[in-house]
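Below is one structure, written out as structure tokens; comments come after it.
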Amino acid sequence: MKAVQFEQFQGPLTLVDRPMPKPRPHGVVIKVSATGLCRSDWHGWQGHDPDIATFPHVPGHEFAGVVHEIGSLITKVKVGDRVTVPFVCGCSECADCLAGNAQVCRFQWQPGFSGPGSFAEYVAIPHADFNVVQLPDNINFDTAASLGCRFATSYRALVGVAGIKPQQSVAVFGCGGVGLAAIMIAKSLGARVIAIDPSHRALDFARLAGADARVDAQFDEVIKDVRSFGGTGVDVTVDAIGSIEVVHNAIASLRVQGTHVQIGLLPPEVIGDKSSVPMHLVIGRELTIHGSHGMAAVDYPDMLAQISKGYLRPELLVDRIISLANVPEALANLGTNPGITIIHP
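Each number in my numbering corresponds to the 1-based position in the sequence shown with 56 added.
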């Protein structure tokens with residue numbers, strides 16, 4: 057099969073022929089119909105993820121396709137099923153998985169990180185009866201491929217973690233795929249949304265996603281403008297990009313007893329840097345800070361129902377479709393296209 061791989065961190069990305077994967081007894085092999093290009097793939101290629109330990113390595117972690125082959129212990133998933141998979145696959149047996157929190161499973165497996173991913177014609181998934189999600193007939197593969205990391209992560213962060221309510225003010229910092237999804241989801245919940253990004257093109261996409269106001273992070277007074285949008289600060293801030301400056305600005309923009317949700321991954325050189333969180337504001341304003349890490353397969357039906365009914369339209373955020381041959385250039389230049397890039401293997 058065709059696949060894109062790298063043989064060392066930050067090394068060349070090459071399109072190669074690889075052996076077809078085989079399913080484990082509890083797993084399946086999926087023929088990839090569409091897969092998304094995500095900043096997390098870039099982080100993995102750069103060496104920011106300790107789960108990548110075997111080379112050559114195939115990235116790719118958000119995808120949709122058709123079940124091609126099943127393992128001997130599979131009882132629910134069938135060959136020919138149209139499916140997608142969350143980017144965090146649970147073990148199905150630990151206390152977190154049994155409690156419905158597979159996104160924080162201690163024994164989690166992530167396609168494109170723990171093992172070969174979806175920048176390929178086929179991908180193998182473990183514990184498939186637990187992790188594979190059936191797609192409604194009216195959700196196409198391109199839309200489904202945009203869900204696994206960006207949209208699902210934002211959905212759980214805003215619905216399950218922050219608990220956004222109608223008329224609340226929400227500031228989304230970073231208008232890449234995760235941020236644009238967060239804007240669209242917050243608007244569907246009845247919130248007022250302000251988008252912050254240094255890119256005019258990204259801010260144009262933010263308006264398409266439904267943002268009520270936009271702030272140019274390169275020239276505007278970010279904290280002042282965001283706090284003004286909420287009156288005396290906003291109810292909820294979301295860091296959808298990941299940087300020391302954004303963490304500080306987002307938390308400083310909150311009203312008293314506001315909530316910050318951290319989705320964006322910070323680069324490894326700043327992880328653990330406590331100075332990036334203004335704790336005097338957290339204490340003085342009684343702020344709440346949450347981390348949010350993906351969404352378990354068990355939580356997908358509600359999100360898929362919202363998409364099926366047309367309340368959420370992630371397909372509007374798809375900016376371009378490319379082939380596997382275009383992946384090396386696209387991943388190297390990630391960030392120049394604010395919308396979602398979909399790959400057709």
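Beta carbons: idealized from backbone N, C-alpha and C, even for Gly.
What you are looking at is a predicted structure, and each value in this text was computed from that prediction instead of being measured.
- Boundaries for residue 74: no beta strand (DSSP E) harbours it, and the DSSP string shows neither H nor E there.
- Judged by DSSP in its simplified three-state form, residue 333 adopts coil rather than helix or strand.
- The continuous stretches of alpha helix (DSSP H) do not include residue 195, and DSSP gives it neither H nor E.
- Using a Cβ distance threshold of 7 Å, residue 155 and residue 230 do not count as a contacting pair.
- Runs of the beta strand (DSSP E) spanning 3 or more residues and lying entirely within the region 148-235 occur at 178-181 and 225-229, in chain order.
- Ranking 265, 266 and 282 by CA distance to the CA of residue 272 puts 282 first.
- As the crow flies, the alpha-carbon of residue 109 is around 9 Å from that of residue 171.
- Under the three-state reduction of DSSP, residue 114 is assigned to coil, being neither helix nor strand.
- Three or more beta-carbon pairs drawn from the region 197-208 and the region 134-147 are found closer than 8 Å, and the two stretches are therefore classed as touching.
- At the C-beta level, residue 377 and residue 400 come within 7 Å of one another.
- Here residue 132 carries a coil assignment [DSSP, helix/strand/coil].
- Under the three-state reduction of DSSP output, residue 265 falls in the helix class.
- Spanning the alpha carbons of residue 70 and residue 383 requires a straight line of approximately 9 Å.
- Taken through DSSP and simplified to helix, strand or coil, residue 141 comes out as coil.
- Within the DSSP bridge table, the entry for residue 93 names 397 as partners.
- Residue 102 sits in a helix when the DSSP states are folded into three classes.
- In the three-state scheme derived from DSSP, where H, G and I count as helix and E and B as strand, residue 242 is classed as helix.
- Between residue 319 and residue 217, the C-beta spacing is not below 7 Å.
- Among the bridge pairs identified by DSSP, residue 125 is matched with 85.
- By the neighbour-count definition (other C-beta atoms within 10 Å, threshold 16), residue 251 is a buried residue.
- Taking C-beta atoms as the reference points, residue 183 and residue 210 fail to come closer than 7 Å.
- Three or more Cβ pairs closer than 8 Å define a contact, and the region 74-81 meets that threshold against the region 173-193.
- Residue 197 and residue 394 do not touch by the CB rule: their CB atoms are close to 22 Å apart, not below 8 Å.
- Contact check for residue 115 against residue 173 passes: the beta carbons are separated by less than 7 Å.
- DSSP lists no bridge partner for residue 303.
- In the pairwise beta carbon analysis, the region 285-294 is classified as not touching the region 187-195: fewer than three pairs are separated by under 8 Å.
- Around the beta carbon of residue 226, a 10 Å sphere encloses 16 or more other beta carbons of the protein chains shown; the residue is thus reported as buried.
- In this chain, the alpha helix (DSSP H) harbouring residue 387 covers 383-388.
- Assigned with DSSP and collapsed to three states, residue 256 falls in helix.
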